[in-house]
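Following: one structure in structure tokens, then a few remarks.
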Amino acid sequence: MTDHAAFRGLGQAFRLASAAVLLTALTSISGPVIGWSKAYASPTATADKPSTEKQITGKKPGETADHSKFEILQQDFKSGPEVTKACLSCHTEAATQVHDSIHWKWEYDNEKTGQKLGKRYVINAFCGNVASNEARCTSCHAGYGWTDMRKDPPAAPEAVDCLVCHADTQYYKKFPAKAGLPITEPMDFNGKPFKVSNLIEAAQSVSLPQRDNCGACHYYGGGGDGVKHGDIDSSLNKPSKDLDVHMAADGGNMACSACHSGSGHVWPGSRYDMEAKPQARDDEGKKLPSFAMRRMNETASCESCHTDAPHQGKTLEAIKLNNHTDTVACQTCHIPEFARGGVATKMLWDWSTAGKLKDGKPFALKDDKGHPSYDSKKGDFIYEENVKPTYSWFNGQFTYVTDNDPVDTSKPVILNALGGSANDETARIWPFKLMHTKQPIDAESKKLVYMHLFGKDSDAFWKSFDWPNAIKAGQEYMGKDYSGKFEFIETRMWWPITHMVAPSDKAVQCEECHSKGGRLEGIEGVYIPGRDDMPLINWLGYGLIILTILGVAIHTIFRIATRKQRQH
Amino acid sequence: MTDMTSASSPATGKAESSKAKTFHRKVKNYSRYERFWHWSQAILIFTLAFSGFTVHGTIRFIPFATAVMIHDIAAFVLIFLWLFTAFWTFTTGQWRHFVPTNAGLWDVIMHYLVGMMRGQPHPYKRTLSRKQNPLQSFAYFSIMTVVGPLLWLSGLAYMFYSFWEGNSGNNDIFSLVVLLHLIGAFLMVAFVIGHIYMVTTGKTLIHYTKAMITGFEDMELTEAEVTYLETHEPDRIK
Ligand code: HEM
Chain F
76 MTDHAAFRGL
86 GQAFRLASAA
96 VLLTALTSIS
106 GPVIGWSKAY
116 ASPTATADKP
126 STEKQITGKK
136 PGETADHSKF
146 EILQQDFKSG
156 PEVTKACLSC
166 HTEAATQVHD
176 SIHWKWEYDN
186 EKTGQKLGKR
196 YVINAFCGNV
206 ASNEARCTSC
216 HAGYGWTDMR
226 KDPPAAPEAV
236 DCLVCHADTQ
246 YYKKFPAKAG
256 LPITEPMDFN
266 GKPFKVSNLI
276 EAAQSVSLPQ
286 RDNCGACHYY
296 GGGGDGVKHG
306 DIDSSLNKPS
316 KDLDVHMAAD
326 GGNMACSACH
336 SGSGHVWPGS
346 RYDMEAKPQA
356 RDDEGKKLPS
366 FAMRRMNETA
376 SCESCHTDAP
386 HQGKTLEAIK
396 LNNHTDTVAC
406 QTCHIPEFAR
416 GGVATKMLWD
426 WSTAGKLKDG
436 KPFALKDDKG
446 HPSYDSKKGD
456 FIYEENVKPT
466 YSWFNGQFTY
476 VTDNDPVDTS
486 KPVILNALGG
496 SANDETARIW
506 PFKLMHTKQP
516 IDAESKKLVY
526 MHLFGKDSDA
536 FWKSFDWPNA
546 IKAGQEYMGK
556 DYSGKFEFIE
566 TRMWWPITHM
576 VAPSDKAVQC
586 EECHSKGGRL
596 EGIEGVYIPG
606 RDDMPLINWL
616 GYGLIILTIL
626 GVAIHTIFRI
636 ATRKQRQH
Chain Y
12 MTDMTSASSP
22 ATGKAESSKA
32 KTFHRKVKNY
42 SRYERFWHWS
52 QAILIFTLAF
62 SGFTVHGTIR
72 FIPFATAVMI
82 HDIAAFVLIF
92 LWLFTAFWTF
102 TTGQWRHFVP
112 TNAGLWDVIM
122 HYLVGMMRGQ
132 PHPYKRTLSR
142 KQNPLQSFAY
152 FSIMTVVGPL
162 LWLSGLAYMF
172 YSFWEGNSGN
182 NDIFSLVVLL
192 HLIGAFLMVA
202 FVIGHIYMVT
212 TGKTLIHYTK
222 AMITGFEDME
232 LTEAEVTYLE
242 THEPDRIK
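This is the structure we're talking about:
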């Protein structure tokens with residue numbers, strides 16, 4: 076206590092200064108508080124209102140040609156290939172380009188895993204295999220007349236189907252059982268009249284593909300609307316903003332190719348090899364501009380438009396949310412549920428019960444919501460709507476079980492195992508539809524078998540409902556060894572969820588993951604605040620607090636007990 | 012603290028009996044800034060504990076998101092407050108009160124455990140130069156130098172994990188950060204409970220609380236101290 080006056084002067088100045096700084100600190104921090112709810116997505120990603128009724132694609136249609144004015148398109152077309160020939164007379168390279176695409180080849184060489192994938196080879200947890208069921212399955216081939224998976228698709232340029240992708244869908248529809256051809260004369264499918272295509276109108280209506288063009292096949296994967304993906308079904312033709320902000324007419328009004336934007340008839344964004352955490356920064360950690368990202372990454376990802384710091388504003392909330400983007404995929408929060416558009420998706424498929432007959436005839440049942448629950452051709456199903464995804468670490472890589480891999484039947488067999496874990500810097504937590512299936516394998520070699528389902532022959536399961544023959548025929552068709560014995564096993568298949576992005580105010584809320592038993596309950600390898608405990612420190616910590624309180628209590632009792640004494 | 016008198020050595024503040032004359036006077040022991048920072052710190056720590064343990068999942072009276080926002084803002088304010096106060100304690104010389112001393116620590120502990128029950132006087136005589144008894148300075152010093160920094164360093168690391176953790180995918184260090192923060196948090200809560208209780212052990216239950224509100228406190232002063240205050244710091248004595 077020497078020079079107190081000097082200290083007092085300093086103290087006074089300090090008090091003033093500190094008051095001022097604290098006040099500024101408080102106000103600068105409370106700015107963000109007020110802005111809590113204002114963390115919104117990047118405005119660079121909000122598209123202009125559509126000027127035409129067409130959806131927004133990667134590039135704006137030039138509209139320099141009106142196809143209805145071309146003489147060559149005013150013929151009385153008799154078949155699809157005839158139309159294609161006319162198209163190719165101007166679009167000279169189109170067929171060659173299509174021939175190079177997965178839409179044509181149904182073949183995907185995964186360089187990372189060395190696996191040969193694609194519809195031509197994969198046995199999945201839905202209809203199983205294309206092979207031996209061609210004319211049915213190839214109704215979704217981007218061509219005409221591919222009737223044998225063991226051979227390449229037909230080589231003739233006019234076997235390419237231009238219309239399925241480019242024609243107005245009201246004029247054109249591929250018949251389900253004619254290897255990709257439409258019908259031009261009335262005909263029934265499954266006892267009901269099928270849409271007759273109008274090839275002349277179709278040829279004159281062409282444009283860049285709209286969602287219903289892609290959807291004509293992709294909505295119906297697995298044999299019906301919404302069956303396969305869960306996040307892709309016909310509700311995306313005219314989605315509300317709540318269902319999909321990007322595709323809604325009053326939202327982004329985007330066509331599929333706005334994100335799956337390729338050129339030369341090759342569209343990026345295959346599920347067979349994904350990018351779970353797209354590179355959004357350069358080597359120095361600077362944000363890459365959107366155009367650079369689009370060039371570097373094959374497919375548009377959320378990041379290509381929204382960057383890896385998509386929650387805008389300098390608010391604390393925005394910063395906090397942006398801190399998630401290295402471990403959590405955008406889809407995880409922004410697609411709270413899939414199958415939200417009123418179309419149910421198939422969650423379970425049990426092939427083992429297929430083949431039951433009533434009075435010698437196949438039959439079908441529906442559940443109380445009107446969704447199919449049994450079909451003699453296919454077995455038991457569970458369809459669901461508004462499904463919460465299953466979450467997992469994912470680095471974009473799938474490893475498939477091919478027809479050559481023996482499986483371990485002691486637990487459900489995952490047909491497309493996910494790559495990635497908490498320690499994998501290219502992995503993030505992704506949402507999935509986890510498909511549950513029972514399907515046949517060779518009981519001895521433990522390998523997946525081919526099911527011969529469709530066909531006019533008596534071996535086809537859908538003709539005679541005889542599993543032994545149907546499987547034997549499938550194996551023989553592919554020239555595969557077969558012990559003659561089969562069994563049904565449980566399989567699982569992961570389907571990444573990335574469409575049906577909800578508006579930001581419908582995104583998954585913090586608590587839904589940051590709590591015990593929340594959405595991310597099954598995610599391993601990372602400490603999630605609110606979900607996780609540190610058992611030891613919790614014991615010690617709560618113990619310490621209880622002991623402190625106990626100590627206080629005992630001390631108080633003694634104080635009260637000895638009070639009288641002390642007053643003497 | 013009744014008829015004990017103080018000719019104590021300012022360094023230890025240890026009471027020694029002597030016959031010097033003493034005066035009961037109201038002395039301003041806590042400056043306005045001290046009181047401000049004490050109470051704002053109290054509110055902030057309560058807020059932080061409440062919101063922190065909501066984040067931790069111990070309690071859920073408020074939504075997780077709200078808790079995170081409150082916690083982070085309160086944390087920033089508290090860090091500012093601590094930095095300022097650290098600066099203040101040094102520039103004003105107040106740090107002296109906090110330097111821990113073992114002298115008499117045991118006596119003080121024994122007093123709270125036994126002596127107090129018997130109505131014995133506090134073995135420590137607070138003086139102008141040492142406002143705190145050895146147990147207090149030990150506790151406050153640990154809080155200020157160990158628990159506090161542990162909390163805010165781990166807290167800042169926790170808050171900005173994505174900047175240092177980056178893309179490395181290494182979650183072990185993150186877990187360690189959480190662990191340290193939790194250790195700090197539990198110690199802090201235990202301290203607060205103990206502290207609030209100890210505050211009730213003054214002459215009356217609210218003696219200390221009142222002092223921390225008004226700043227003034229009844230003290231026994233030596234003649235020299237009275238003279239010193241009256242001439243050099245007249246504001247501090249009534
Ligand atoms: C003063 C600096 C502090 C900082 C910078 C800080 C920062 C943080 C951060 C960033 C979190 C993660 C959740 C969130 O973002 O809000 C957190 C969690 C937590 N904080 Fe603090 N905090 C501070 C002080 C305190 C204090 C004083 C307490 C309690 C007395 C406390 C108790 C907790 C608890 C219990 C958790 C939850 C831990 C878990 O389970 O993950 N914090 N803190």
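Chains as they are written, first to last, in our numbering: chain F, 76 to 643; chain Y, 12 to 249. For each residue, glycine too, the CB sits at the ideal point set by N, CA and C. Just so you know, these numbers come straight off a predicted model, no measurement behind them.
ask   = Out of curiosity, what's the CA-to-CA distance linking F/R638 and F/I632?
value = 10 Å
query = Going straight from the alpha carbon of Y/L190 to that of F/L615, what length do you get?
reply = 12 Å
message = Given the structure, does Y/P160 come close to the ligand HEM, in the sense that its CB is under 7 Å from one of the ligand's heavy atoms?
response = no
request  = State yes or no: is the beta carbon of F/R370 nearer than 8 Å to at least one beta carbon in chain Y?
outcome  = no
message = Could you check whether Y/F75 and F/H589 sit closer than 8 Å to each other, using their CB atoms as the reference points?
response = yes
key: Selection from F/F438, F/I572 and F/H321 that minimises the alpha carbon distance to F/A429   = The residue with the shortest Cα to Cα distance from F/A429 is F/F438.
ask   = Does the separation of the CB atoms of F/S310 and F/G417 fall below 8 Å?
value = yes
query = What whole-angstrom Cβ distance do F/I564 and F/T484 have, given they're in contact under 8 Å?
reply = Rounded to whole angstroms, the Cβ separation of F/I564 and F/T484 is 5 Å, and the two are in contact under 8 Å.
query = First and last residue of the beta strand (DSSP E) that includes F/F438?
reply = It is not in any beta strand (DSSP E) - F/F438 carries neither H nor E in the DSSP assignment.
inquiry  = I'd like the span of the alpha helix (DSSP H) that includes Y/M223, first residue to last.
reply    = H218 to T225
message = Using the three-state DSSP reduction, which class does Y/H206 fall into: helix, strand or coil?
response = Looking at Y/H206 - three-state DSSP - the assignment turns out to be helix.
query = Applying a beta-carbon distance threshold of less than 9 Å, which residues of chain Y neighbour F/V320?
reply = By Cβ distance, chain Y contributes nothing, its closest Cβ being about 21 Å from F/V320, past 9 Å.
key: Selected residue, minimal CA-CA separation from F/G360, among F/P314, F/C237, F/G339 and F/D383   = The option with the nearest alpha carbon to F/G360 is F/D383.
query = Sorted by chain position, which residues of the same chain lie with C-beta nearer than 6 Å to Y/I70's C-beta, five sequence neighbours on each side aside?
reply = Counting only residues of its own chain and dropping the five nearest sequence neighbours on each side, Y/I70 has a CB closer than 6 Å to the CB of F64.
ask   = Near F/D357, which residues of its chain fall below 7 Å by C-beta distance, leaving aside the five closest residues on each side in sequence?
value = L363, listed in sequence order.
key: Helix, strand or coil at F/L363 according to DSSP, with G and I counted as helix   = coil
task = Indicate, with yes or no, if the ligand HEM has a heavy atom lying under 7 Å from the CB of Y/F91.
result = no
ask   = How about F/A210 and F/L238: do their beta carbons lie closer than 8 Å?
value = no
Three CB pairs or more closer than 8 Å across the stretch 185 to 204 of chain Y and the stretch 164 to 176 of chain Y = yes
request  = Mark F/C405 as exposed unless 16 or more other C-beta atoms lie within 10 angstroms of its C-beta, in which case mark it buried.
outcome  = buried
request  = Count the other C-beta atoms from every protein chain shown that fall within 10 angstroms of the C-beta of F/T119, then say buried if there are 16 or more, exposed otherwise.
outcome  = Residue placement at F/T119 cannot be trusted, given a pLDDT of 44 that sits under 50; the coordinates are not used to answer.
ask   = F/T407 touches chain Y at which residues, Cβ-Cβ below 7 Å?
value = None at all; the shortest Cβ gap to chain Y is about 16 Å.
8 Å Cβ cut-off: residues of chain Y touching F/I624 = I204
Short CB-CB distance (under 8 Å) between Y/G68 and chain F = yes
ask   = For F/M329, does the three-state DSSP call read helix, strand or coil?
value = strand
Selected residue, minimal CA-CA separation from F/D443, among F/P229, F/I457, F/K452 and F/K187 = Closest by alpha carbon: F/I457.
key: Length of the line joining the Cα atoms of F/Y196 and F/M526   = 13 Å
ask   = Would you say Y/Y169 touches the ligand HEM, meaning its beta carbon is less than 7 Å from a heavy atom?
value = yes
request  = Examine the ligand HEM and report whether any of its heavy atoms sits within less than 7 Å of the Cβ of Y/W163.
outcome  = yes
request  = Round the Cβ separation of F/L391 and Y/I207 to the nearest angstrom and send it over; I've been treating them as touching at under 8 Å.
outcome  = So it is not a contact: roughly 30 Å between Cβ atoms.
query = Quick one, are the C-beta atoms of F/H511 and F/R594 less than 8 Å apart?
reply = no
query = Beta-carbon separation of F/D517 and F/F561 under 8 Å?
reply = yes
request  = Rounded to whole angstroms, what's the CA-CA distance from F/S154 to F/D227? Just pull it up for me.
outcome  = 22 Å
request  = With hydrogens ignored, establish whether the beta-carbon of Y/T74 is closer than 7 Å to any heavy atom of the ligand HEM.
outcome  = Just to set this straight, residue 74 of chain Y is Pro in the shown sequence, not Thr. Flag unset: Cβ of Y/P74 not near the ligand HEM.
inquiry  = So, at 7 Å on beta carbons, what are the nonlocal neighbours of Y/K32 in its own chain, with the 5 sequence-adjacent residues on each side left out?
reply    = E234
request  = Give a yes or no on contact between the stretch 330 to 345 of chain F and the stretch 282 to 292 of chain F, applying the rule of three or more CB pairs nearer than 8 Å.
outcome  = yes
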